[in-house]
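The block underneath contains the structure these notes are about, expressed in structure tokens.
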Amino acid sequence: AYARVADPDGGDIEVAEEEADDLDVAIEEGKLVGDRALPPAHAVLCRLRLAALAVLLLLVVVPLKLVSWAASGASAAPAVDQQQADTMPVPLAPPLPPPSPRTPPPPPCGYPGKSLSALSPPRWCYHLDGNATACHLAFVDSPSSSGTLSRRCTYAAGRCKLSSGEGVLCPSPPSSPPPPPSPPPLPSPPPPPPFQPPQIWTRHAGKNCFWDGNGAIIDLDPTPAPGVASLEECKSLCVATLLCEGLLFSNQGQCYRKGDVQVGRCRTDRRFDLYVYVLASPPSPPLPPFPPDSEAVRAINQRFRSGGPSDKLTEVGILLHQWDGLEANDEMRPYKMCVEKCTTLGREMSGRVSAMAVYQGLKDRPDRVGIPLPFGNRGGLVLDGAHVTLECLFGIDGASYVSDDARRPGCTRTFCDRAQMQVPNVGLCGFAGYPPQAWGPADLKLVLETHRGHGAPYTAPAFHSGYNELVLNARKLNEQLPHAVSAFFLLRGRGGEYEGEVTDDLDRGVVIDVVRAHRAFLAEYHLTADEVPLLVLDPMNWERPFTPYVS
Numbered sequence: 001a002y003a004r005v006a007d008p009d010g011g012d013i014e015v016a017e018e019e020a021d022d023l024d025v026a027i028e029e030g031k032l033v034g035d036r037a038l039p040p041a042h043a044v045l046c047r048l049r050l051a052a053l054a055v056l057l058l059l060v061v062v063p064l065k066l067v068s069w070a071a072s073g074a075s076a077a078p079a080v081d082q083q084q085a086d087t088m089p090v091p092l093a094p095p096l097p098p099p100s101p102r103t104p105p106p107p108p109c110g111y112p113g114k115s116l117s118a119l120s121p122p123r124w125c126y127h128l129d130g131n132a133t134a135c136h137l138a139f140v141d142s143p144s145s146s147g148t149l150s151r152r153c154t155y156a157a158g159r160c161k162l163s164s165g166e167g168v169l170c171p172s173p174p175s176s177p178p179p180p181p182s183p184p185p186l187p188s189p190p191p192p193p194p195f196q197p198p199q200i201w202t203r204h205a206g207k208n209c210f211w212d213g214n215g216a217i218i219d220l221d222p223t224p225a226p227g228v229a230s231l232e233e234c235k236s237l238c239v240a241t242l243l244c245e246g247l248l249f250s251n252q253g254q255c256y257r258k259g260d261v262q263v264g265r266c267r268t269d270r271r272f273d274l275y276v277y278v279l280a281s282p283p284s285p286p287l288p289p290f291p292p293d294s295e296a297v298r299a300i301n302q303r304f305r306s307g308g309p310s311d312k313l314t315e316v317g318i319l320l321h322q323w324d325g326l327e328a329n330d331e332m333r334p335y336k337m338c339v340e341k342c343t344t345l346g347r348e349m350s351g352r353v354s355a356m357a358v359y360q361g362l363k364d365r366p367d368r369v370g371i372p373l374p375f376g377n378r379g380g381l382v383l384d385g386a387h388v389t390l391e392c393l394f395g396i397d398g399a400s401y402v403s404d405d406a407r408r409p410g411c412t413r414t415f416c417d418r419a420q421m422q423v424p425n426v427g428l429c430g431f432a433g434y435p436p437q438a439w440g441p442a443d444l445k446l447v448l449e450t451h452r453g454h455g456a457p458y459t460a461p462a463f464h465s466g467y468n469e470l471v472l473n474a475r476k477l478n479e480q481l482p483h484a485v486s487a488f489f490l491l492r493g494r495g496g497e498y499e500g501e502v503t504d505d506l507d508r509g510v511v512i513d514v515v516r517a518h519r520a521f522l523a524e525y526h527l528t529a530d531e532v533p534l535l536v537l538d539p540m541n542w543e544r545p546f547t548p549y550v551s
């Protein structure tokens, strides 16, 4: 039999009758578990288990809850800030530029699936002989006019060769557009006008020059030049005429042009005035740095600065000899002088040595703009006054080739007398006439003093005026070699260039190379270039005229 009892959760429970009483009690005491009521012992045990479970839940759940509360508290303030930030206006970012079109990659070259790198040059296919697999996978890239041509290697009969097929052409990438054309260059400034050297005319009053040894080798006007009415017109005509170096202007207004003028040989004639012109040179370019002077070079320059009129050849400055054709007939040894049967200017004569004395004090006269020399394009020798013998001297160019006295070649038979220095109808003895009368060696100082103050006006080299002439004994000079020669020299031109390295305007076709002659001299006498140097003489330098030659 079954009985229905009230369920504490609502509804009825159907139980057996014999259990109904116990079940009612259990329900009253709240001990119903599942669909059955528990006995009292079981109820106590259940309560203990529930209590333990509750404690366990407290130990686990409560700490987790505390951690959750802490995390929520830490994020509370940022949440507020974020909320405030959400309410603030945010500036809009600028729009992004449109993406640039991507440049397509260059087309592949060669053959895909290769296991070897490109071989270059083509002969490298041969290195794969005997390896058919590697050869079939190899290729060669070579440039062509249209790009890069890739050709495979082929294998046959144990040899790897370059394929003869057309291959694969890889076009060259398109070249960048050409740059815009450059603007045309600005027009360059016009060049400066060419330097026009001023004309410097020197007047020699009462001088008449004409051919045949009378001061003018070239007569350009045997008769007066036509159509000339003034001195200035005569000068202009001379400047425009080739070979004209001077002019004669008569007291009747007649114009005669002259070439190769030698003022010292002109005749005295009051009917004429001689005008000789030179061109003022442009400023010389800066000279290159000179090598350091040797002791010999310093000594020569010091002799030039300290020299002057004296009765001793060692004190008159520098003795210069320029090549004149009276050297020995040996082009390699012009430092040896001809002694007998010498020839120059078509004459046969005995040997003599023509020299001149130069020193710094000559510049004290305003007209001497440079060291006076007979030739502007010839080298020569610097002689040592202690080892040469003076035969005679002149205050001008002595025309020594005309005089051939057997005792003293190059000198006149009689000498000037200091008691009668003025020669009637000639002028100062030894300073005028053709040929002039010579002075003896005993009057060396007197002649040099007179030349310093009253010598012929200076003219540029080749005009044969302004210097003195000393005639030396040729035989005795040869006997005193090598001591008679202090140095060899050539000239520095007005533009800084060398003049006289080679002299080729002498008689008999003789050519003298001063550099070779200097080397021959050093070799013959076992000397060095420091002992006997090769120098460059700058006629415009009055302070240090001699500097070492640099090839």
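Take 1 as the starting number for the sequence shown in full-length UniProt numbering and just add one per residue.
Even for Gly, the Cβ is constructed at its ideal location relative to N, Cα and C.
On the premise that residue j lies in contact with residue i, defined as a C-beta separation below 8 Å, what is that separation, rounded to the nearest angstrom?
i      : j      : result
Leu248 : Leu220 : Not quite, the Cβ-Cβ distance comes to about 11 Å (not below 8 Å), so this is no contact.
Tyr256 : Pro224 : 6 Å
Measuring CB to CB, does residue i end up less than 7 Å from residue j?
i      : j      : result
Pro436 : Gly398 : yes
Gln360 : Trp542 : yes
Val339 : Gly351 : yes
Met540 : Tyr467 : no
Val514 : Glu501 : yes
Val533 : Pro545 : Per the sequence shown, residue 533 should be read as Pro rather than Val. Their beta carbons are not under 7 Å apart, which means Pro533 does not touch Pro545 by this criterion.
Asp129 : Arg151 : no
Pro457 : Asp367 : yes
Thr344 : Leu362 : no
Gly410 : Val471 : yes
Gly495 : Gly455 : no
His518 : Phe488 : yes
Leu490 : Gly379 : yes
Cys153 : Cys125 : yes
I'd like the list of long-range same chain contacts for residue i, defined as Cβ closer than 6 Å, with 5 residues on each side in sequence excluded.
i      : result
Ala216 : Cys209, Phe210, Lys258, Val261
Ala132 : Tyr155
Pro108 : Interpretation of Pro108 is limited by its pLDDT of 46, a score under 50 that renders its predicted location unreliable; the figure taken from the coordinates is listed afterwards. There are no such residues.
Met349 : Cys342, Asp404
Arg305 : Gln360
Ser250 : Arg271, Phe272
Trp201 : Tyr275, Tyr277
Val423 : Cys429
Cys416 : Cys429, Gly430, Gln437, Trp439
Arg475 : Val339
Val447 : Leu393, Gly395, Trp439
Answer with buried or exposed for residue i, where buried requires no fewer than 16 other C-beta atoms within 10 angstroms of its C-beta.
i      : result
Glu479 : exposed
His483 : exposed
Arg298 : exposed
Glu391 : buried
Leu59  : exposed
Val536 : buried
Lys235 : buried
Val263 : buried
Val550 : exposed
Glu295 : exposed
Arg492 : buried
Asp538 : buried
Pro334 : buried
Glu469 : buried
Ala386 : exposed
Gly453 : exposed
Gln314 : Per the sequence shown, residue 314 should be read as Thr rather than Gln. Looking at its Cβ environment, which holds fewer than 16 other Cβ atoms inside 10 Å, Thr314 is exposed.
Ile218 : exposed
Give the single residue among the options whose Cα lies nearest to the Cα of residue i.
i           : options                        : result
Gln322      : His526, His136, Gly509, His464 : His464
Asn473      : Asp367, Val353, Asp364         : Val353
Leu383      : Pro190, Asp367, Leu319, Cys342 : Leu319
Pro222      : Tyr467, Gln254, His204         : Gln254
Thr503      : Glu531, Ser400, Ile512         : Ile512
residue 552 : Ser400, Asn377, Asn425         : As displayed, the chain neither begins before 1 nor continues past 551, which places residue 552 out of reach and without an answer.
Gln420      : Thr412, Ala51, Cys429          : Cys429
Lys312      : Ala52, Pro441, Ile200          : Pro441
Thr450      : Ala460, Thr459, Ala138, Phe431 : Phe431
Arg270      : Val276, Gly206, Leu393, Pro424 : Gly206
Asn425      : Arg267, Gly380, Thr202         : Arg267
Arg203      : Glu245, Ala406, Val316         : Glu245
Ala520      : Pro372, Thr414, Met332         : Met332
Spatial neighbours of residue i within its chain, please: CB distance less than 7 Å, with the 5 preceding and 5 following residues excluded, ordered by chain position.
i      : result
Leu477 : Met337, Val353, Val388, Ala484
Arg347 : Tyr401
Thr528 : Leu522
Leu116 : Because the pLDDT of Leu116 is 48, which lies under 50, any placement of that residue in the model is unreliable, and the number read from its coordinates should be weighed accordingly. Hits under 7 Å: Ala134, Leu137, Ala138.
The ligand PLP and residue i: does any heavy atom of the ligand fall closer than 6 Å to the residue's C-beta?
i      : result
His483 : With respect to the ligand PLP, the structure shown offers nothing to examine, as it has no ligands at all.
Counting only beta-carbon separations shorter than 7 Å, does residue i have a partner in chain C?
i      : result
Ala157 : Considering every chain present, this structure includes no chain C. It has just one protein chain.
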